[in-house]
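Here full-length UniProt numbering is used: the first residue of the sequence shown is 1, the next is one more, and so on.
Note that CB positions come from ideal geometry on N, CA and C, so glycine has one too.
Computed from a prediction, not measured in an experiment: that's the story for all the values here.
Here is the structure we will look at.
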Amino acid sequence: MPSSTSERRCRSALVANASRRPVPGDPGRCPRSRRRTTRRRASPLGDVLSGHVRDLRDPEPAVAHQPECDLGIAESEIEILADEATGTNTDRSGYRQMLKRVRDGEVDRVVVRKVTRLGRTMRAMSENVHEIVEDHDTGLNVQNDGLEVEPGGELSMNDEMILNVLAWAAEIEAKKIRENTKEGLRAAEAAGKWVGRPPCGFTTDADGYLQPTEEFGDAVEAIRAVEDLGWSHRKAARYTGVPRRTVPSLVEDREVYLSQHGADDF
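Right, here's the structure in full:
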């Protein structure tokens, strides 16, 4: 067991960063150690380890299920930060916290599966990689793309070339995904399926088609009250129980309700 706080800090740094060694003649010192002690606290992004904030790792399966990440880092030295969703338009809470921790000097190394985890555009990826590595002397390992920089290191010309190619390819892929998504939505609409959140009084079945719910009748009555009786949106909402802010969209989507209710009964 280490006999002092400084020795414990040095030992922890060595575990997380195999390239770091104590200064000869002074076992209590660790060169360039930027670790800060933290208290244990709950986090929706993953477990925050007590003692020291260590390496931050992407929760993607290819990374999260390899405790040492082929870097000689013990599982206890790794903290996983997760985003709430994935794709090209997601909640990036884990990503934002990662950057904050890097900027606060609490992280020695960031490990992600793909460079796309570090930005949505070519420019953003490049800027974030340079900030992590060069502005804050933080190590970076992009597992699937072969980009590795040790803590305190710099991006080589080869690293810069790899980064530019990866960022360019990722931006092209994201653009293709968006185009394919739009084509899929257009095809669904052409087939009579509802795209997006169902309007008031409807739900969608497993195939994406609208199905009336118990609130459908109230929605129809609200439309009638506005169009046939000339009531205000507020009065129609109070009479039918439909939220006032929903009434304008009901009137706008009148044809949707007409197709379900029948022209003669509307």
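For a cut-off of 8 Å, the C-beta gap from VAL110 to LEU140 is around 5 Å, short enough to register as a contact.
Taking C-alpha positions only, THR116 is separated from ARG186 by approximately 27 Å. Note that the segment 239-256 touches the segment 220-231; at least 3 beta-carbon pairs, one per stretch, sit closer than 8 Å. Nearest in C-alpha terms to LEU163, of all of GLU179, ASN180, ARG178, ASN144, is ASN144.
Contact between the segment 202-210 and the segment 231-240 is absent: fewer than three C-beta pairs spanning the two stretches fall below 8 Å. A contact is defined here as three or more CB-CB pairs under 8 Å, and the segment 154-173 fails this definition with respect to the segment 207-220. When C-alpha distances from GLU252 are compared across ALA222, LYS176, ARG123, the shortest belongs to ALA222. Within the same chain, and ignoring the five residues on either side of ARG254 in sequence, the residues whose Cβ sits closer than 7 Å to its Cβ are ILE223. Contact between ALA174 and ARG96 does not hold, since their C-beta atoms are separated by about 19 Å, which reaches or exceeds 8 Å. With fewer than 16 other Cβ atoms inside 10 Å of its own Cβ, ARG197 counts as exposed.
Going by DSSP, LEU210 is part of the beta strand (DSSP E) stretching over 210-212. Cβ-Cβ distances below 7 Å link GLU215 to CYS200, GLY201 in the same chain, with the five nearest sequence neighbours on each side left out; the list follows chain order. Pairing GLU154 with GLU183, the inter-Cα distance amounts to about 42 Å.
ALA169 and MET122 have their alpha carbons spaced roughly 9 Å apart. Contiguous beta strand (DSSP E) elements confined to the segment 76-159 occur at 78-80, 109-112, 139-142, 147-149, taking only those with 3 or more residues.
Taking all protein chains shown into account, ASP104 has fewer than 16 neighbouring C-beta atoms within 10 Å of its C-beta and is therefore exposed. By the neighbour-count criterion, in which a residue is buried when 16 or more other Cβ atoms sit within 10 angstroms of its Cβ, GLY192 is exposed.
Short of 6 Å from the beta carbon of HIS136, and not among the five residues preceding or following it, lie these beta carbons of its own chain, in chain order: VAL102. GLU189 is classed as exposed because its beta carbon has fewer than 16 other beta carbons within 10 Å across all chains shown.
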